[in-house]
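Each residue of the sequence shown is one higher than the one before, counting from 119 in the numbering used here. Have a look at the structure below before the remarks.
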Amino acid sequence: MADHLLATRHHIVVLDDEPGITRLCKRLLERADFKVTTFTNPNDTLLAFKGEAATTPRPDLLLVDIRMPDLDGFQVIDTAHKYFPDLAVVVMTGFGTVETAIEALRRGADGLILKPFSTDELVQSVKRALEQSQHKQDVLRLQALRPLFDVSESLFTETNPKRLRKLVLDAICGHLKCSYAEFYQVEATSLKYDSGQAKSGPRLRLLASVHPPATDATAQGGSGDKQSTSVRIETRPPTGLLTEPIARKSGGLKAAMMIHLDSSTNSEVADSQFQQVLASSGLGSVISAPVSLKAGAIVSGVLLAARNLREPRFREADLELLVVLARQAAVALENARLQAELRDYIHQLEDSQRALIQAEKMATAGRLTASIAHEINNPLQAVQNCLHLAGRYELTEEQRQNYLGMALHELDRLMQTVHRMLDFYRPTALDRNPLDVNSLLDRVISLVTKQMDDHNIRLHRNFAANLPPILAVSDQIQQVFLNLLLNAMEAMPGSGDIFIVTTLAGEVKSTGKSASEKQVSQKEVEIYIEDTGQGIPMNERKHIFEPFVSTKDEGIGLGLAVSYGIVTAHGGSLDLIDYHTQLAVRFRSEFQYKSIGDGACFRVSLPISEHT
């Protein structure tokens, strides 16, 4: 730990009114590879801490004597901690008492050394104080970062940008214990006030101009990775927009900054007008951080937090926390943007899918035109004949009523046919409900029964009893069944047989628990539809579910593709079963069907509803 501290070349400020002591400390500490600045006047030391001595770098430790003519060491410690809350302190005294030690601890000292002291005593006291100070800073960071896990969860689960920015500002005010927090959004050439939270006092407006990186370390505040930044803050109405340029085309505010009233050190910025605004607004400490996904990335905004004069000044740990919050805000905002794009894409995809399904419905309706026209024409002719006969004068009243009753019966049959078609082809919402597969199949079969009779096609069914319901969109699953039935009928233009089987299948998986709980059955309802046509050629089987692939000259090749999409969207599967597989042989044996024709057998698997 000590070797690591020395490797960073810490800056030690020595204050003692005896020049001999300061020279001794400087010589001993520089031998230990510390950077040392000495003072014999407390006022000169405080001027350096205030930033008025531009050549004095930021101190890491203050080595101070207690008894001095103008100010005692404890007063210097109090003032130094106002400017550098994390400053480590070692007290030197030639009058070591218990009271002195207690007072030193109360003032935040990290070590006490008695005069006269040896080289080892001095160096070890400084090292221990730096270690202790580093440990306290680490603890503060840990305490500050621990709540960020909860903040991260709330930020990353919120996808509404407006609510997300409010969560960020609430987190800043809550974790940094400050009265003001605001968010500024970077636009093309300006920084626009986006949202803010002020528990009391005026809102802040940040008008900033970011300069290119300085060429020397001094202009950069002693750090080669920070930029020189000038900032003005002024009070404006909440609706006021920022009009001055904030960002160059390549980016924006690249470095986090900390600003205190009447101070300028390291990355801190001093500006007379800025200080006047701070004072007039009752603010004593301001920190800000760029909102960007990573260091050097394009800045999308700036987070700003401020404390009033009655509140303690921000520490370096506070600035680090704000930087982390800004980075999390950037990730969360980017996540919200991507989520919005994904939602839009899904909506577009759903709209396209609905349009495609409806188009396929209309195409299927065209395939049923002849059968439906026949079903409608026959009752209409019967009604016409009955009405014609009922109008004859020589009929008795009983005969006339008989003909009118027959006409009403045919009209009822006609209305049922029309209602079936309207129910099937009317666009419905995509709400999924528990459905009985056998009932759905019966409904679809009723649409094609007349057409099958006209083409001498025999239907054989074997429906399993008491099947659990599936969770599905009714008209979509009916469309799948109707498409498979029409395909089977069109594969047998002369005559043939269609077989339909429903069954309950289960997939057994191990849970790794005790023997009694070792297996769980994930059940599916399976529907098999087979015809006795010529089948599908082997070289076309792997492409049949692709769009615009058809085995019929007049087909457009969307029926199976749309059906496949519907079934997979329901969490199921649609397969073409090979005619010679054991499953297909067992399937046909249930009907004692022994034809040697090729045919085609499709299997639809749909998961059962979890609420059964």
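No residue lacks a Cβ here, since even glycine has one placed at the ideal position from N, Cα and C. Predicted, not measured: the structure shown is a model, and the values here were computed from it.
As a beta-bridge residue in DSSP terms, ALA718 pairs with ASP649. The closest CA to that of ARG185, considering only ASP135, ASP238, TYR302, VAL216, is found on ASP135. Distance from GLN446 to SER270 at the Cβ level is roughly 6 Å; contact confirmed, criterion being Cβ atoms closer than 8 Å. Relative to the Cα of GLY229, the nearest Cα in the group THR163, PHE301, SER243 belongs to SER243. DSSP places ARG579 in the strand class (E or B) of the three-state scheme. According to the DSSP secondary-structure assignment, LEU460 is paired through a beta bridge with no residue. For HIS199, the three-state secondary structure derived from DSSP is helix. When secondary structure is reduced to three states using DSSP, VAL208 falls in the strand class.
Secondary structure note for HIS129: its beta strand (DSSP E) is the uninterrupted segment 129-133. Taking C-alpha positions only, GLU217 is separated from GLY419 by approximately 52 Å.
In this structure, SER251 sits away from ALA222, with a CB-CB distance that is not shorter than 7 Å.
Membership of SER691 in the beta strand (DSSP E) is indicated by the continuous run 691-695.
Contact annotation, LEU421 with ALA444: C-beta distance approximately 5 Å; criterion of less than 8 Å satisfied. The criterion of a C-beta distance shorter than 7 Å is satisfied by VAL566 and LEU603.
Judged by DSSP in its simplified three-state form, TYR511 adopts coil rather than helix or strand. Here DSSP, grouped into helix, strand and coil, assigns VAL154 to strand.
Distance from the CA of ARG225 to the CA of ALA219, rounded to the nearest whole angstrom, comes to 10 Å.
Going by beta carbons, LEU273 and LEU260 fall outside the 7 Å limit.
Residue MET524 holds the alpha-carbon nearest to the alpha-carbon of ASN503 among MET524, SER592, GLU512. Scanning ASN278, HIS129, ILE726 for the CA closest to the CA of ALA458 turns up ASN278. Taking a C-beta distance under 7 Å as the contact criterion, ALA606 and ASP572 do not qualify as a contact pair. When only Cα atoms are considered, SER723 and ILE290 end up about 52 Å apart.
Selection TYR298, LEU451, ASP560, GLU468 evaluated against GLY400 yields TYR298 as nearest (Cα-Cα). Nearest to HIS199 by alpha-carbon distance, out of PRO430, GLU249, ASP183, is PRO430. Comparing C-alpha distances from HIS578 to each of ARG561, THR163, ILE616, GLN499 shows the shortest one belongs to ILE616. PHE432 is the residue among VAL132, LYS568, PHE301, PHE432 whose C-alpha sits nearest the C-alpha of HIS293. DSSP assignment within the stretch 220-258 yields no whole alpha helix (DSSP H) run of 4 residues or more. Following the DSSP letters along the chain, one finds ALA590 inside the beta strand (DSSP E) bounded by residues 588-590. At the C-beta level, THR158 and PRO137 come within 7 Å of one another. A Cβ-Cβ contact shorter than 7 Å links ALA718 with ILE654. Taking C-alpha positions only, ASP462 is separated from LEU559 by approximately 35 Å.
Shortest Cα-Cα distance from ASP593 to any of GLU239, VAL562, LEU692, PHE301 involves VAL562. Going by DSSP, PRO137 is part of the alpha helix (DSSP H) stretching over 137-149.
Taking the Cα of ARG428 as reference, the smallest distance to any Cα among MET533, MET210, PRO497, CYS296 is reached at CYS296. Bridge partners of PRO552 according to DSSP: LEU589. As a beta-bridge residue in DSSP terms, GLU644 pairs with THR621, SER723.
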